[in-house]
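Q:
Chains as they are written, first to last, in my numbering: chain A, 70 to 374; chain B, 70 to 374.
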C-alpha cells in the first residue's frame with residue numbers, strides 16, 4: 070500500500086554499479102546491478118548510466134538519488150571531496166554534493182581522508198562504515214572493511230581516529246590474473262576455500278613474521294616441485310595476502326572489539342584468518358551496511374517525509 | 070684473423086630473447102635481441118625464432134647453441150629440469166639437455182630448485198650466478214640477482230646452500246601498469262631516480278618494519294592529498310618494494326659479503342637501497358655474467374672448439 074519509493078541509493082564503485090529503490094522505512098523495493106562502474110561510466114556518461122538504471126526500475130522522474138563511491142572521485146562524475154579525519158563519521162552526511170549536470174536531485178557523499186602520518190583516503194567504505202556504526206551503536210573498536218582496498222578503521226569515543234588501507238584484494242586480482250602465478254591458480258582463483266589447509270598454513274606463516282614478497286613465489290614453487298593443484302595455490306595466495314594484512318596491523322590485541330563488514334566468501338576468509346590470529350569478530354553484511362549508510366544520509370539530506 | 074664464432078649463446082627469458090656469437094676466448098662477435106621471449110616463441114615456434122636470429126648474424130649451419138632461461142621451462146621449448154640445492158653451481162653445466170626437434174646441436178641448461186623449506190625454483194639466474202661466481206672466484210657470501218623475480222642466493226663453501234625469490238620486479242610492473250596506482254605513476258614508472266628523496270624515505274620506512282601492503286596505497290594518498298607528482302610516486306613505489314625485499318632478508322648483517330648482479334638502473338636502485346641498510350656490495354654486470362656462464366657451460370659441454 071504504502072510501498073512507494075522515496076529515494077534511490079547507489080553504491081557506484083570503480084568496476085561495479087548498484088542501485089536500490091527504498092521506501093520511507095529503508096525497505097528495498099527494487100534493485101539493479103551492472104558492470105557500469107566508474108571506468109565504464111566515464112565512457113558511457115554517468116547521467117546516462119544512472120537514468121537508464123532508474124528507468125529499468127520504473128523510478129519516478131523526481132526521485133532523489135544518493136550516491137557513494139568512486140563516482141565522487143576526481144576522475145569520476147563530480148569530485149565530492151573528503152572529510153578529514155579525525156572526524157565524526159556522521160560528518161560525511163552533511164557533505165553530500167549536488168550534481169550539477171542533471172535535472173534530477175542527485176547527490177554524492179564525500180570520502181574520508183587522513184593527512185597525518187601515512188596519507189590515506191577512502192571513498193565508498195565511509196558509507197559502509199556509517200551503516201555499520203549505526204546498526205551497532207558502536208563508539209569504540211576496530212572496523213575492518215575487506216575488499217579491493219581493505220580498510221581498517223579505528224573508532225575512538227565515536228570518532229574515526231585513523232584508518233589504514235591494505236591493497237590485499239587488488240594484489241590478489243593482479244597476481245592471479247596477470248602474474249607468473251596465474252599458471253598455478255587458473256580458474257580456481259575465483260573460489261577460495263577458507264578451510265583448505267594451505268589457507269591456514271599461509272596465514273600462520275605471515276603471522277609468524279615472514280616477509281610477504283619473499284613468499285609469494287612459493288605458490289609457483291609448490292606447483293612445480295610438489296604438484297600443488299589450483300585450489301591449493303589459490304588458498305595459499307589468499308592466505309598469504311590476508312595473513313600479511315592481519316600480521317601487519319600490530320596495534321590490535323585480543324581485547325580489541327573487531328567488527329567485520331563483509332559478505333559471502335570474503336567474510337568467511339577474513340573471519341577464519343582473524344580467528345587464527347586469536348581475534349573474534351562480529352560480522353555485518355556489507356551490502357546492508359552501505360544501504361543503511363546511504364539511507365541515513367538521504368534522510369538527513371531530504372528530511373525524510 | 071682468428072675471429073670465427075665457435076658457439077652461439079642465448080639467454081631466452083619469458084619476454085626477451087638474446088643471442089650472442091662468441092669466439093673461442095668468449096669475445097662477442099655478434100649480438101641480436103628481440104621480444105621473442107618464451108611467450109612469443111610459443112606462438113611462432115622456438116626453432117624458427119632461433120634459426121632466424123642465427124641467420125641474421127650469418128652463423129654457420131653447424132654452430133652449436135647453448136641456451137639458458139625460460140625456454141627450458143615446462144611450458145617452454147623443452148623441459149630442462151632442475152638441479153636440486155644444496156648443490157655445486159657448476160653442476161648445472163653437466164645437466165644441459167639436447168633439444169630433439171632441431172638438426173643443429175642446441176642445448177638448454179637446467180635451473181635450480183629448493184625443496185627444503187619454502188619450495189623454490191630459478192631458471193636463467195643460475196647461469197648469471199655461475200658467471201658471477203666464476204668471475205670473482207667466490208666461495209662464500211650472498212649474491213643478489215634483481216629482476217622480475219629477484220633471487221637471493223647464499224653461497225657456502227663453494228655450494229649454493231639455499232635461495233629465495235622475491236616478486237619485487239613483477240609487483241612493480243603489475244602495480245604501475247594495472248593497479249589504481251597507475252594513475253599516480255604514469256610514464257614515470259619506466260625511469261625511477263634512485264636519488265629522489267621519496268625513494269630513500271620509502272626504503273627506510275620498510276627497513277623500520279612497516280608492513281608493505283599497508284603502505285602501497287600511500288602512493289595514491291600522497292598524490293591526492295599532497296599533490297605528489299609521477300616521479301615522486303614512482304620513486305616511492307620502487308623504494309617500498311625494494312625496501313621490503315631488503316628488510317625481509319633478516320639473515321644478513323654488515324659483515325656478509327654481498328655481490329649484486331645487475332645492470333643499469335636496476336643496479337643503481339639496489340646499490341642505493343643496500344647502502345641505506347648499511348650493506349656495501351660489489352656489482353657485476355648481469356649481461357656479462359650470463360654470457361660468461363653460458364660460455365663456461367659451452368666449453369665444458371663441447372670441450373672447447
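All residues carry an ideal CB built from backbone N, CA and C; glycine is no exception. Predicted model, so just to flag it, every value in this text is computed and none were measured.
1. Could you give the residue range of the beta strand (DSSP E) that holds residue 213 of chain B?
2. Please check if any C-beta of chain B sits within less than 8 Å of the C-beta of residue 155 of chain A.
3. Looking only at DSSP bridge pairs, what is residue 220 of chain A linked to?
4. Take residue 194 of chain A and list the residues in its own chain whose beta-carbon comes closer than 7 Å to its own, dropping the five residues that flank it on each side.
5. For residue 136 of chain B, collect the residues of the same chain with a Cβ closer than 6 Å to its Cβ; drop the 5 residues on either side in sequence, then sort them by chain order.
6. Determine, for residue 314 of chain B, whether the minimum Cβ-Cβ distance to residues of chain A falls below 8 Å.
7. Using a Cβ-Cβ cut-off of 6 Å (strictly less than) and excluding sequence neighbours within five positions of residue 335 of chain B, which residues of its own chain qualify?
8. On the CB-based measure, 16 or more other CB atoms within 10 Å of its CB, does residue 296 of chain A come out buried or exposed?
9. Can you give me the Cβ contacts of residue 373 of chain B inside the same chain, cut-off strictly under 7 Å, excluding the 5 residues immediately before and after it?
10. Give the range of the beta strand (DSSP E) segment to which residue 88 of chain A is assigned.
11. Assuming residue 358 of chain A and residue 160 of chain A form a contact by the criterion Cβ under 8 Å, report the distance between their Cβ atoms to the nearest whole angstrom.
12. Counting only beta-carbon separations shorter than 8 Å, does residue 283 of chain B have a partner in chain A?
13. Does the beta-carbon of residue 125 of chain B have 16 or more other beta-carbons within 10 angstroms, so that it is buried, or is it exposed?
14. Taking C-beta pairs closer than 9 Å, name the residues in chain B that residue 290 of chain A reaches, listed in chain order.
15. Quick one: grab the DSSP three-state call for residue 171 of chain B.
16. Can you look up residue 325 of chain A in the DSSP assignment and give me helix, strand or coil?
17. What are the residues that DSSP puts in a beta bridge with residue 79 of chain B?
18. Rank B:206, B:233, B:88, B:257 by C-alpha distance to the C-alpha of residue 241 of chain B and give the top, closest one.
19. Taking Cβ positions only, does residue 241 of chain A come closer than 8 Å to chain B?
20. Check each candidate in A:353, A:304, A:371 and name the one with the smallest Cα separation from residue 338 of chain A.
21. How would you label residue 144 of chain A, buried or exposed, when you count the other beta carbons within 10 angstroms and need 16 or more for buried?
22. Kindly indicate which residue of A:331, A:74, A:102, A:146 has the alpha-carbon position closest to the one of residue 108 of chain A.
23. Using only the heavy atoms of the ligand NAP, determine whether one of them is closer than 7 Å to the beta carbon of residue 335 of chain B.
24. How about residue 248 of chain B: is its C-beta nearer than 8 Å to some C-beta of chain A?
25. Of all Cβ atoms in chain B, is any one closer than 8 Å to the Cβ of residue 268 of chain A?
26. How many angstroms separate the CA atom of residue 317 of chain B from the CA atom of residue 327 of chain B?
27. Please name the residues in the stretch 291 to 303 of chain A whose beta-carbon is closer than 7 Å to at least one beta-carbon of chain B, in chain order.
28. Alpha carbon to alpha carbon, how far is residue 238 of chain A from residue 171 of chain A? Give it in angstroms, no decimals.
29. What number of angstroms, rounded off, separates the C-alpha of residue 203 of chain A from the C-alpha of residue 362 of chain A?
30. Step through the CB atoms of chain B and report whether any lies within less than 8 Å of the CB of residue 337 of chain A.
31. So, is residue 70 of chain A buried or exposed, given that buried needs 16 or more other C-beta atoms within 10 angstroms?
32. Output the boundary residues of the beta strand (DSSP E) element that contains residue 352 of chain B.
33. Please classify residue 73 of chain B as buried or exposed, where buried requires at least 16 other C-beta atoms within 10 Å of its C-beta.
34. Please report whether the beta-carbon of residue 265 of chain B lies at a distance below 8 Å from any beta-carbon of chain A.
35. Would you say the stretch 279 to 288 of chain B touches the stretch 264 to 278 of chain A, given that touching needs at least three Cβ pairs under 8 Å?
36. Rounded to whole angstroms, what's the CA-CA distance from residue 106 of chain B to residue 341 of chain B? Just pull it up for me.
A: This is what the structure holds:
1. 210 to 214
2. no
3. Partner(s): A:214, A:234.
4. 214, 220
5. 79, 81, 177
6. yes
7. 215
8. exposed
9. For residue 373 of chain B, the predicted structure reports a pLDDT of 49, less than 50, and the residue's modelled location is therefore unreliable. The matter cannot be settled from this model.
10. 86 to 91
11. With 8 Å as the limit, residue 358 of chain A and residue 160 of chain A do not qualify as a contact, their Cβ atoms being about 18 Å apart.
12. True, the Cβ-Cβ gap to chain A drops below 8 Å.
13. Residue 125 of chain B should be labelled exposed.
14. 182, 183, 184, 187, 188, 189, 190, 234
15. Coil, per DSSP.
16. Under the three-state reduction of DSSP, residue 325 of chain A is assigned to coil, being neither helix nor strand.
17. B:88, B:136
18. Among B:206, B:233, B:88, B:257, the Cα nearest to that of residue 241 of chain B is on B:257.
19. no
20. A:304
21. exposed
22. A:146
23. Within the structure as shown, the ligand NAP is missing, as the structure has no ligands at all.
24. yes
25. no
26. 16 Å
27. 291, 293, 294, 295
28. The straight-line gap separating the alpha-carbon atoms of residue 171 of chain A and residue 238 of chain A is approximately 34 Å.
29. 8 Å
30. Not closer than 8 Å to any Cβ of chain B, the Cβ of residue 337 of chain A fails to qualify, so no.
31. Summary for residue 70 of chain A: the model assigns pLDDT 48, below 50, so the residue's position carries little reliability, and this model does not support an answer.
32. Counting along the chain, the beta strand (DSSP E) containing residue 352 of chain B begins and ends at 350 to 353.
33. Exposed, by the Cβ-count rule.
34. Against chain A, the CB of residue 265 of chain B has no partner CB under 8 Å away; the residue lies outside that interface.
35. Judged by Cβ distances under 8 Å, the stretch 279 to 288 of chain B makes no contact with the stretch 264 to 278 of chain A, as fewer than three pairs qualify.
36. 30 Å
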